[in-house]
Amino acid sequence: MTPGGSGPMREREYSQISTHSSSPMESPQKKKQPLARRKWQIFPGRNKFFCNGRIMMARQIGVFYLTLVLILVTSGLFFAFDCPYLAVKITPAIPVVGGILFFFVMGTLLRTSFSDPGVLPRATPDEAADLERQIGNTEDIANGTSAGGYRPPPRTKEVVINGQTVKLKYCFTCKIFRPPRASHCSLCDNCVERFDHHCPWVGNCVGKRNYRFFYLFILSLSFLTIFIFAFVITHVILRSQQAGFLSALKDSPASVLEAVVCFFSVWSIVGLSGFHTYLISSNQTTNEDIKGSWSSKRGKENYNPYSYGNIFTNCCAALCGPIAPSLIDRRGLAPADTPQPVAPSNGITMYGATQSQSNMCDQDQCIQSTKFVLQAAATPLLQTEPSIISDEPPLPGKTTLGAPCATLTHGQPTPPSSMPNLTAETVLTDMIPLKEEHGGHQFLTPEEAPSPPGMLPAGSPTSHSHTMHMLNLTSQDSLHEDSVRGLVKLSSV
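Residue numbering for the sequence shown is 1 to 493, as defined by the UniProt record's numbering.
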């Protein structure tokens with residue numbers, strides 16, 4: 001080579017060959033990175049989310065649509081058929097006041113239905129495990145001090161609030177001790193702070209964060225129902241004085257429908273508003289009142305520890321206090337999934353993959369891995385290399401038909417015991433039958449061995465001077481490992 005010819009060689013660049021893609025289960029295409037998910041997308045409760053997690057409702061919202069239809073239809077008929085006549089005959093302030101009440105009702109209804117009622121986040125696996133250890137320690141102490149048999153671990157804790165002992169119950173679903181006044185909603189499957197009740201009419205739970213809007217909704221709806229019912233009757237009476245009662249009904253049939261709906265609705269709505277007014281004045285919840293948890297008298301043993309002792313103060317605390325922030329952060333980014341070991345399958349344990357990831361092997365990858373294993377087993381016999389038989393000792397790391405099959409050394413990786421041993425020994429012994437004699441096992445001679453495809457027959461003159469391709473066990477280690485990995489992944493699919 002001339003000195004001038006070394007220039008192109010220096011400028012030439014070689015790309016390094018990567019052997020990482022030799023695994024049969026790896027796809028040639030690059031895997032797409034999973035997109036970051038919001039917490040509302042993996043929320044464990046039975047809730048529905050809209051507008052990228054900004055709206056949170058219960059799963060059963062059919063009754064909520066009925067509430068919307070009743071309010072919209074009744075108010076729409078009132079503004080369309082009654083207000084024009086009443087604005088001329090009485091005062092134009094009637095549609096104005098009705099419009100203010102209508103928008104206030106709709107605003108409080110949507111605010112109650114679309115907001116987080118005060119859901120408590122569930123315990124993380126680490127927190128749940130730590131809590132179970134604490135319960136287990138308490139169980140050991142109880143078993144050690146008791147003379148009897150087994151005692152179950154306590155599932156309650158006691159705290160003192162304003163001199164009153166309050167029990168904190170353990171939630172087996174959320175894996176937490178619920179704070180005072182909290183309860184687990186069976187419909188939404190969430191623990192709600194200061195749980196009042198689950199209201200299907202608003203399509204959500206009523207708790208600490210939306211109770212004031214719920215109360216304002218039923219209170220304003222009571223005023224709107226009474227307002228519409230009163231002025232519908234006034235409209236019918238004024239028309240009856242001019243053309244008679246039947247003529248008035250024929251002239252304004254929508255008024256009849258409004259009067260019927262308001263008449264049957266006003267009793268329940270007004271009664272519900274009065275009941276919650278009593279609860280607010282005594283600082284109780286519907287759940288506590290139904291269970292009879294507290295007495296209204298301060299001197300009794302089960303007095304209400306949450307009451308301020310003053311109706312005005314209780315009302316201000318419920319309606320004018322600050323709104324607590326949401327604890328679930330439903331629009332926050334969910335943490336990345338960490339790989340976890342899955343249950344063993346067919347005696348083989350897979351690490352570094354979740355159960356969902358183990359089912360991602362499609363049909364093409366399975367076929368590709370099967371072809372790879374078969375090709376790895378047949379390659380030593382399909383390839384030939386001319387070699388002259390001599391009395392010289394065989395080269396280290398190679399084997400011939402006239403010598404015993406080599407085995408793996410102690411430092412080389414071995415396949416799992418549950419899978420076939422894909423080594424040169426098993427390949428040759430499986431493909432070439434052995435001849436058993438009384439003195440032991442002996443390999444066939446080249447004359448007796450059948451010729452593999454692509455080789456000359458055993459009786460040809462050149463068959464004695466050619467042998468099969470000699471395997472290099474050291475160079476085949478990576479091939480054997482990839483084959484075993486492919487079989488392991490195939491067996492786990």
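Ideal placement from N, C-alpha and C gives every residue a C-beta, glycine not left out.
Just how far apart, CA to CA, sit residue i and residue j?
{"i": "A343", "j": "A128", "result": "Residue confidence for A343 is low, a pLDDT of 38 falling below 50, so the modelled location carries little weight; the figure read from the coordinates is stated next. One C-alpha to the other measures close to 21 Å."}
{"i": "E158", "j": "T234", "result": "59 Å"}
{"i": "N310", "j": "L72", "result": "38 Å"}
{"i": "H184", "j": "V96", "result": "43 Å"}
{"i": "V236", "j": "D196", "result": "41 Å"}
{"i": "K291", "j": "Q284", "result": "11 Å"}
{"i": "N204", "j": "R239", "result": "42 Å"}
{"i": "T165", "j": "R194", "result": "17 Å"}
{"i": "L77", "j": "F231", "result": "12 Å"}
{"i": "Y306", "j": "P253", "result": "51 Å"}
{"i": "R178", "j": "S222", "result": "34 Å"}
{"i": "W294", "j": "P325", "result": "28 Å"}
{"i": "P121", "j": "K89", "result": "57 Å"}
{"i": "F275", "j": "T286", "result": "9 Å"}
{"i": "K167", "j": "F263", "result": "44 Å"}
{"i": "P341", "j": "F214", "result": "Residue placement at P341 is flagged as unreliable, the pLDDT there being 37, under the threshold of 50; a coordinate-derived value is accordingly withheld."}
{"i": "residue 570", "j": "A248", "result": "Residue 570 cannot be examined here, being either before or after the span of the chain that is shown, 1 to 493."}
{"i": "L187", "j": "I61", "result": "11 Å"}
{"i": "Q241", "j": "F312", "result": "46 Å"}
{"i": "M106", "j": "Y65", "result": "13 Å"}
{"i": "K300", "j": "F245", "result": "59 Å"}
{"i": "V160", "j": "Y308", "result": "16 Å"}
{"i": "L257", "j": "T91", "result": "23 Å"}
Considering only the beta carbon of each residue, do residue i and residue j sit closer than 9 Å?
{"i": "A318", "j": "R212", "result": "yes"}
{"i": "N162", "j": "R46", "result": "no"}
{"i": "S282", "j": "F81", "result": "no"}
{"i": "residue 506", "j": "T108", "result": "Since the first residue shown for the chain is 1 and the last is 493, residue 506 is missing from the structure and cannot be characterised."}
{"i": "F79", "j": "S220", "result": "no"}
{"i": "A334", "j": "Q41", "result": "yes"}
{"i": "A336", "j": "A36", "result": "yes"}
{"i": "F102", "j": "L279", "result": "no"}
Under the assumption that residue i contacts residue j (Cβ atoms under 8 Å), give the Cβ distance between them as a whole number of angstroms.
{"i": "I228", "j": "T74", "result": "6 Å"}
{"i": "F43", "j": "R331", "result": "No, F43 and R331 are not in contact; Cβ-Cβ is about 11 Å, not under 8 Å."}
{"i": "I269", "j": "I218", "result": "6 Å"}
{"i": "V266", "j": "I226", "result": "6 Å"}
{"i": "K39", "j": "I328", "result": "7 Å"}
Note down, in chain order, each residue of its chain lying with its Cβ closer than 7 Å to the Cβ of residue i, except the 5 sequence neighbours on either side.
{"i": "I94", "result": "C83, L86, A87, F231"}
{"i": "G207", "result": "P117, G118, V192, E193, R194, F195, D196"}
{"i": "L131", "result": "A123, K175"}
{"i": "G149", "result": "The predicted position of G149 is uncertain, since its pLDDT is 48 and thus under 50; no value can be drawn from it."}
{"i": "D126", "result": "none"}
Quick check: does the Cβ of residue i come within less than 8 Å of any heavy atom belonging to the ligand GDP?
{"i": "G292", "result": "You won't find the ligand GDP in this model; it holds no ligand whatsoever."}
Within a Cβ cutoff of 8 Å, which residues of the same chain sit near residue i, ignoring the five residues on either side of it in sequence?
{"i": "V63", "result": "P200, W201, G203"}
{"i": "D251", "result": "R239, A243"}
{"i": "G99", "result": "F79"}
{"i": "C51", "result": "none"}
Counting only the same chain and skipping the five closest in sequence on each side, list residues whose C-beta sits under 6 Å from that of residue i.
{"i": "R181", "result": "R194"}
{"i": "L70", "result": "none"}
{"i": "G459", "result": "At G459, the pLDDT of 46 sits below 50, so the modelled position is not reliable and the matter cannot be decided from this model."}
{"i": "G53", "result": "R38, W40, R330, R331"}
{"i": "Y303", "result": "S295"}
{"i": "T156", "result": "K167, K169"}
{"i": "H198", "result": "C185, L187, C205"}
{"i": "G321", "result": "none"}
Next on the checklist: For the pair the region 166-183 and the region 315-332, tell me if three or more CB-CB distances fall below 8 Å.
Outcome noted: no
Item to check | Stretch-stretch touch, CB-based, cutoff 8 Å, three pairs: the region 107-116 with the region 44-63 | outcome: yes
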